[in-house]
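Enquirer: Next up is a structure, given as structure tokens.
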Amino acid sequence: MKKYISFFRLRFSMGLQYRTAAAAGVVTQFFWGVMEILVYRAFYEADAAAFPMRFEAVVTYIWLQQAFLAVFGAWIMESEIFDAIRDGNIAYELCRPVSIYQMWFSRTVANRTSKAVLRCVPILAVAALLPAPYGLTLPESGLHFGLFLLTLVLGLLVIVAFTLLVYIVTFYTISPDGVRIFFTSAVEFFAGAVIPLPFFPEKLRYVMELLPFAAMQNVPLRIYSGSMTEAEMLRAIYLQAFWLAVLTGLGWGLCRRAERRVTVQGG
Amino acid sequence: MMITMENVCKSYRIAKRNAGFHEAVKALFHREYEEIHALRDVSFTISDGEMVGYIGPNGAGKSSTIKILSGILTPDSGSCLIDGRVPWKNRIEHVRRIGVVFGQRSQLWWDVPVIDSYELLKDIYTIPDQVYRSNLDELTELLNLGELLRTPARQLSLGQRMRCESAASLLHSPRILFLDEPTIGLDAVSKLAVRDFIRKQNEKHGTTVILTTHDMQDIEALTKRIILIGKGQILMDGTLEDIKRGGQDIDREVAELYRSYEI
């Protein structure tokens, strides 16, 4: 276990080096958040009753989404891992007494958290200071906050497990581009990154909420913003755990298979 | 006996086509594959503490052999035992006891100081503190690493990086060391340093060393036994003297040898 923690530590401290990228990210995310909120405001001014979430809840959802973009952004993958598979540097990783799956898992978690730690604090701080209804509100209760933290972690693990599947498929396809584009667009749409899931038509939404994509940012962001009933929260947490088990199991199995029949590219 | 390889075969399927757009479109519908026999019936044994030079022209099957020995490639047929283990079946147990340097690749983390990569290796191999300390001190001195350890890997020159790479492969005191072209692209000083260091590892710790290289001076400086491979087959298993046959220029002799085997 200790070795995987070390992977985490090294990748994490490496991520902390990129200060300028973080500063640029904060600024971009902040303006993006403002723009999105202004668009929603225009809709809500027309007819606030026509929407499934309160305006304040949508605003909070957007601020959290921007703050934790690095946790849930579908496009955040490590080119180093793709390169290692393409050019055969994976040879060195296979020469280590480690499980490739667990190593990549801890690495990917570290990459996302290190990015998020640098970015979330300033965004959350500024968003909390904005006047109502444009600012980040407090969660409904302590319980909601606790569940938010729990589901944030579960959601992170689910998206990491999903990202790993993309890495592992690359063992077979060599080029990551196709899977990557497909995966990124599917996640963006189905996870509620473009529009929160409550805004989708009833039947479609019912199906979408069962998919693994809904086990990512959808759950923590909606719990925090108070747009889930108790029963819905419980069901969402079960689904997160279910998808986490399925995706890691699948990825782990595929990875073991790939390790055995992999061709290390290059001489 | 430490390392035995018996009747190992490995072939790759490679997609081939001629140049040009027309050919590329044709390949969309019908793809031609060629079976490349990288290794045919390779057998040898290497005992504890030996230093063996594994030579042969480009594409002879040297790297494939090293990959099989280090457990990252599964052969099509044949058997291989190292310390009683089948490398590709007990990969994790096997790699704990070996060190590998691939001269063309990097194992150091690109954006962080070299020492961070080493600390990670320490945890990966669960090297005890004391062993790690003394190995690191010894390697630092032998390879003159000093200040390099605090530099990010991306800012090292090739020679500096290769010295750091070699050290990285030995931190866990492996019993067997596989070196795949460890001196490629190095200047004279770095080459001498790396060679010297490999020899000392073997003398001091009895590490078994298997070395592939195109640099015959590496072979001259390090190994007594030479295995020659060509077109996937072992052609000769002998000593440096068998190749030299009284000639002066080893490169010429080797070229002559390759021609005589038509490889």
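Line order of the protein sequences matches chains A and B.
Numbering-wise (the working numbering), the first sequence opens with residue 1 and increments by one.
Numbering-wise (the working numbering), the second sequence opens with residue 1001 and increments by one.
All C-beta atoms, glycine included, are put in the ideal place defined by N, C-alpha and C.
Measure from the alpha carbon of Tyr1226/B to the alpha carbon of each residue in Thr1212/B, Ala1024/B and Glu1141/B, then state which is nearest.
Expert: According to the sequence shown, residue 1226/B is Ile rather than Tyr. Among Thr1212/B, Ala1024/B and Glu1141/B, the Cα nearest to that of Ile1226/B is on Thr1212/B.
Enquirer: Exposed or buried, which one is Val1114/B when buried takes at least 16 other CB atoms within 10 Å?
Expert: Under this definition Val1114/B is a buried residue.
Enquirer: So, at 7 Å on beta carbons, what are the nonlocal neighbours of Arg1150/B in its own chain, with the 5 sequence-adjacent residues on each side left out?
Expert: Pro1113 and Ile1115
Enquirer: Would you mind stating whether Gly15/A and Asn111/A have Cβ atoms separated by less than 7 Å?
Expert: yes
Enquirer: Decide if Gly155/A is buried, meaning its Cβ has at least 16 other Cβ atoms within 10 Å, or exposed.
Expert: buried
Enquirer: Using beta carbons (cut-off 7 Å, strictly below), is Lys2/A in contact with chain B?
Expert: yes
Enquirer: Helix, strand or coil for Phe1044/B, going by three-state DSSP, please let me know.
Expert: strand
Enquirer: Find the residues of chain A that neighbour Leu1120/B, judging by a C-beta separation of less than 9 Å, and give them in chain order.
Expert: Lys3, Ser6, Phe7, Arg9 and Leu10
Enquirer: Is His1037/B helix, strand or coil when you go by DSSP?
Expert: strand
Enquirer: From Ser1260/B to Cys1080/B, what distance separates their C-alpha atoms?
Expert: 29 Å
Enquirer: May I ask you to report which of helix, strand or coil DSSP gives Asn1090/B?
Expert: In the structure shown, Asn1090/B sits in coil (DSSP, three-state: anything other than H, G, I, E or B).
Enquirer: From the beta carbon of Met77/A, is the nearest beta carbon of chain B less than 7 Å away?
Expert: Chain B contact via Cβ: absent.
Enquirer: Can you list the residues of chain A that Ile1092/B reaches, using a CB-CB cut of under 7 Å?
Expert: Pro97
Enquirer: Given a cut-off of 7 Å on the beta-carbon distance, is the pair Thr1223/B and Val1052/B in contact?
Expert: yes
Enquirer: Does the beta carbon of Tyr92/A come closer than 7 Å to any beta carbon on chain B?
Expert: Yes, Tyr92/A counts as interfacial toward chain B.
Enquirer: When you compare each of Gly178/A, Lys3/A and Gly226/A to Trp75/A by their alpha carbons, which one comes out closest?
Expert: Gly178/A
Enquirer: How many angstroms separate the CA atom of Ala57/A from the CA atom of Glu78/A?
Expert: 33 Å
Enquirer: Starting from the beta carbon of Asp1218/B, find every residue of chain A whose beta carbon is closer than 7 Å, and list them in chain order.
Expert: Chain A residues near Asp1218/B: none, gap ~17 Å exceeds 7 Å.
Enquirer: In terms of residues, what are the limits of the beta strand (DSSP E) holding Leu1081/B?
Expert: Ser1077 to Ile1082
Enquirer: Measure from the C-beta of Met233/A to each C-beta in chain B and report whether the shortest distance is under 7 Å.
Expert: no
Enquirer: Can you tell me which of Tyr1258/B, Phe1044/B and Val1189/B puts its alpha carbon nearest to the alpha carbon of Val1008/B?
Expert: Phe1044/B
Enquirer: Quick one: grab the DSSP three-state call for Ala231/A.
Expert: helix
Enquirer: Rounded to a whole number of angstroms, what is the C-alpha to C-alpha distance between Met1/A and Met1216/B?
Expert: 44 Å
Enquirer: When you compare only the Cα positions, how much space is there between Thr28/A and Ala125/A?
Expert: 15 Å
Enquirer: Can you list the alpha helix (DSSP H) stretches of 4 or more residues lying completely in the region 60-140 of chain A, in chain order?
Expert: 69-72, 79-87, 90-94 and 100-129
Enquirer: Comparing the C-beta of Met35/A with each C-beta of chain B, is any distance below 7 Å?
Expert: It does not: the Cβ of Met35/A has no partner Cβ on chain B nearer than 7 Å.
Enquirer: If you draw a straight line from the C-alpha of Cys255/A to the C-alpha of Glu1093/B, how long is it?
Expert: 18 Å
Enquirer: Report the three-state DSSP secondary structure of Leu149/A (helix, strand or coil).
Expert: helix
Enquirer: Out of Asn1202/B, Glu1262/B and Arg1175/B, point me to the one whose CA is closest to Gly1099/B's CA.
Expert: Arg1175/B
Enquirer: Suppose you measure from the CA of Ala91/A to the CA of Ser1070/B; what does that come to, to the nearest Å?
Expert: If you draw a straight line from the Cα of Ala91/A to the Cα of Ser1070/B, it is about 9 Å long.
Enquirer: Which stretch, first to last residue, makes up the alpha helix (DSSP H) that contains Leu1240/B?
Expert: Leu1240 to Lys1244
Enquirer: Could you tell me the alpha carbon to alpha carbon distance between Ala116/A and Gly1238/B, rounded to whole angstroms?
Expert: Cα to Cα, the separation comes out at about 59 Å.
Enquirer: At 4 residues or longer, what runs of the alpha helix (DSSP H) sit wholly inside the region 143-203 of chain A?
Expert: 177-190
Enquirer: With Ile1272/B as the anchor, note down where its alpha helix (DSSP H) starts and where it stops.
Expert: Not covered by the structure: residue 1272/B. The range shown for chain B is 1001 to 1263.
Enquirer: Going by C-alpha distance, which of Val166/A, Ile123/A, Phe213/A and Pro212/A is nearest Tyr101/A?
Expert: Val166/A
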